[in-house]
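Residue numbers (my numbering), protein chains in the order written: chain A, 576 to 744; chain H, 576 to 744.
There are 2 protein chains.
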Amino acid sequence: MPLGLKETALETSALSELEVESIEMFIGFFKLIGLQKSVGEIYGLLFVSSRALAMDDIMERLGISLGAASQGLKVLRSVGAVKSVYMPGDRRDHYVADLELSKFATAFIQEELKPRLDRALERIGTMESLASGMESSDRATAKERLERLKHWLERTESMLPWLLKFLVK
Amino acid sequence: MPLGLKETALETSALSELEVESIEMFIGFFKLIGLQKSVGEIYGLLFVSSRALAMDDIMERLGISLGAASQGLKVLRSVGAVKSVYMPGDRRDHYVADLELSKFATAFIQEELKPRLDRALERIGTMESLASGMESSDRATAKERLERLKHWLERTESMLPWLLKFLVK
DNA sequence: ACTCGATTTCATTTTTTATTGAAATAGATG
DNA sequence: CATCTATTTCAATAAAAAATGAAATCGAGT
């Protein structure tokens with residue numbers, strides 16, 4: 576081996592076609608549920624990796640910064656999308672993708688959708704009170720629309736437990 | 576009436592508490608499905624308005640620009656969230672909120688979620704081919720994970736027609 | 001077919017969001 | 001307990017997305 580070359584290069588090693596496809600796919604999914612590109616990149620890389628990767632490896636392969644890697648892994652851990660595995664003789668944390676894909680959908684529903692529906696129903700309560708103090712015809716319009724929206728939201732919310740069960744099954 | 580004041584003020588007239596609540600609520604919902612703030616503002620205003628509003632009115636009440644109003648209405652029309660009504664003796668288009676709330680959810684599922692699931696399934700096909708040309712243990716890992724993801728995606732996609740029916744019912 | 005107000009378009013600007021990387025912190029190892 | 005390396009934090013920077021408004025287009029009324 577020529578002098579100056581190490582076993583593990585410091586330069587970014589090119590991603591395989593498989594890795595690129597996986598990364599692009601997960602960037603797309605994750606954007607849909609409001610997660611940033613770097614989070615999708617990390618998960619996409621881990622998804623097709625047969626070995627656990629350290630943060631260093633992730634930075635190097637993806638060409639992202641320390642901060643992005645650290646924060647991305649934090650997000651992925653928080654939704655249970657990655658877990659760290661112990662690697663004997665290495666101080667660094669090593670990560671593998673959790674393959675329970677439903678976790679993403681579930682996290683989105685429980686952490687984004689559900690709270691927003693709840694907040695909307697609260698607001699509707701406030702708005703119904705405000706509408707009560709209005710002039711007759713405006714009041715009637717507002718009350719009717721609010722009632723209608725309330726019913727739709729309640730109905731939608733009532734379906735969420737079923738949806739969650741379906742997704743994890 | 577004092578001199579210099581017109582029937583319709585050019586200055587932005589303050590939003591009522593009801594309007595503010597409605598606007599904030601819809602900004603929240605619309606962000607969730609990837610639509611910008613100005614789109615939520617316009618719909619929120621129209622939702623509690625008992626009369627149809629012209630683009631002028633919308634700009635003035637919300638304090639947004641011509642471009643934002645025009646583009647926001649374009650988006651809302653494209654998802655069927657507003658419709659224009661004819662106002663005799665006025666050349667301007669006047670808009671009312673379409674109250675079929677399910678349209679937003681439906682548009683999101685059909686225009687964002689479904690295409691992304693389809694695209695992901697395509698990519699999985701590509702990735703399965705790419706994996707076939709890999710070294711044995713990596714191939715096994717990749718194939719197994721891709722198979723698992725494919726099943727989950729197919730199952731999720733098969734549920735969408737039911738979900739759509741539920742939402743519009 | 002001209003005029004004039006209404007609306008759309010789009011290059012520029014502003015705002016928001018994501019990324020970077022140096023410094024602070026944590027925590028394992030001798 | 002001192003010294004490492006690994007990781008997190010966060011202020012600064014870069015990138016992306018949204019808003020602005022002048023100019024172009026449209027289209028009803030004359």
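The beta-carbon is built from N, C-alpha and C at its ideal position, and this holds for glycine as well.
Keep in mind it's a predicted model, so treat the numbers as computed, not measured.
Q) How do the stretch 669-676 of chain H and the stretch 723-736 of chain H stand: do at least 3 beta-carbon pairs fall below 8 Å, yes or no? A) no
Q) Quick one: does H:Ser-653 have its CB under 9 Å from some CB of chain A? A) Translated into the one-based positions of the second sequence, residue 653 of chain H becomes position 78. Not an interface residue.
Q) Would you call the stretch 701-708 of chain H and the stretch 586-597 of chain A in contact, with 3 or more CB pairs under 8 Å? A) yes
Q: Assuming A:Arg-698 contacts H:Met-630 (C-beta within less than 8 Å), just tell me the rounded distance between them.
A: Position 123 of the first sequence, counted from the start, is the residue given in the question as residue 698 of chain A. Position 55 of the second sequence, counted from the start, is the residue given in the question as residue 630 of chain H. Distance from A:Arg-698 to H:Met-630 at the Cβ level is roughly 26 Å; contact not present, criterion being Cβ atoms closer than 8 Å.
**Q.** Closest residue to H:Thr-716 among A:Arg-691, A:Ala-627, A:Ala-589 (Cα-Cα distance)
**A.** If you number the second sequence from 1, residue 716 of chain H lands on position 141. Ranking A:Arg-691, A:Ala-627, A:Ala-589 by CA distance to the CA of H:Thr-716 puts A:Ala-627 first.
Q: Apply the 10 Å Cβ neighbour rule to A:Leu-721 and answer buried if 16 or more other Cβ atoms are within range, or exposed otherwise.
A: Indexing the first sequence from 1 puts residue 721 of chain A at position 146. Looking at its Cβ environment, which holds 16 or more other Cβ atoms inside 10 Å, A:Leu-721 is buried.
**Q.** Range covered by the alpha helix (DSSP H) that runs through A:Ser-625
**A.** Position 50 of the first sequence, counting from 1, holds the residue named residue 625 of chain A. Element bounds for A:Ser-625: n/a, residue is neither H nor E.
(Q) What are the residues in the stretch 647-674 of chain H lying within 7 Å of chain A by C-beta distance? (A) Leu-674
**Q.** H:Val-660 classed as buried or exposed, judged by whether at least 16 other C-beta atoms fall within 10 angstroms
**A.** As a working mapping, residue 660 of chain H is identified with position 85 in the second sequence. The residue is exposed, with fewer than 16 neighbouring Cβ atoms inside 10 Å.
Q | Entirely enclosed alpha helix (DSSP H) segments - the stretch 597-634 of chain A, minimum 4 residues | A | 612-622
Q: Mind checking which residues open and close the alpha helix (DSSP H) that includes A:Val-660?
A: Within the first sequence, residue 660 of chain A is the residue found at index 85, counting from 1. Not the alpha helix (DSSP H): A:Val-660 falls in the beta strand (DSSP E), residues 657-660.
Q. When DSSP builds the beta bridges, which residues end up paired with A:Ala-672?
A. Walking along the first sequence from the start, residue 672 of chain A turns up at place 97. Partner(s): A:Val-657.
Q. Does A:Thr-681 get closer than 9 Å to chain H when you measure Cβ to Cβ?
A. Numbered from 1 along the first sequence, position 106 holds the residue referred to as residue 681 of chain A. Output row for A:Thr-681: interface = no.
**Q.** Close-in-space but distant-in-sequence residues of the same chain around H:Ser-677 (CB under 8 Å, 5 per side omitted)
**A.** To locate residue 677 of chain H, count along the second sequence from 1; it is residue 102. The residues are Leu-742, Val-743.
Q | Through-space distance from H:Leu-641 to H:Gly-529, alpha-carbon basis | A | Any answer about residue 529 of chain H is impossible in this case: the structure gives chain H only from 576 up to 744.
Q. Using a C-beta cutoff of 9 Å, does A:Trp-615 count as contacting chain H?
A. Within the first sequence, numbered from 1, the residue matching residue 615 of chain A stands at position 40. Going by the sequence as given, residue 615 of chain A is Gly instead of Trp. So no, A:Gly-615 is outside the interface.
Q | Best match in H:Gly-638, H:Pro-690, H:His-669, H:Ser-624 for proximity to H:Leu-728 [C-alpha to C-alpha] | A | Counting from one through the second sequence, the residue named residue 728 of chain H turns up at place 153. Cα-wise, what sits closest to H:Leu-728 is H:Pro-690.
Q) Using a Cβ cut-off of 8 Å, which residues of the stretch 584-603 of chain A contact any Cβ in chain H, in chain order? A) Ser-591, Glu-592, Leu-593, Glu-596, Ser-597, Glu-599, Met-600, Gly-603
Q) Can you give, in chain order, each stretch of the beta strand (DSSP E) that sits fully within the stretch 671-738 of chain A and has at least 3 residues? A) Listed in chain order, there is nothing to give.
(Q) Rounded to whole angstroms, what is the Cα-Cα separation between H:Thr-583 and A:Gly-655? (A) Residue numbering aside, residue 583 of chain H sits at position 8 when the second sequence is read from its first letter. Residue numbering aside, residue 655 of chain A sits at position 80 when the first sequence is read from its first letter. Reliability fails at H:Thr-583, whose pLDDT of 35 lies under 50, so the model's placement of it is uncertain and the value that follows must be treated cautiously. For H:Thr-583 and A:Gly-655, the distance between alpha carbons rounds to 56 Å.
Q. At a CB-CB cut-off below 7 Å, which residues of chain H make contact with A:Met-734?
A. Here residue 734 of chain A refers to the residue found at position 159 of the first sequence. Under the 7 Å cutoff, chain H gives Phe-741.
Q) Is the Cβ-Cβ distance between H:Gln-611 and H:Phe-604 less than 9 Å? A) Counting from 1 along the second sequence, the entry for residue 611 of chain H is found at position 36. Counting from 1 along the second sequence, the entry for residue 604 of chain H is found at position 29. No; because the gap between Cβ atoms is not below 9 Å, this pair is not in contact.
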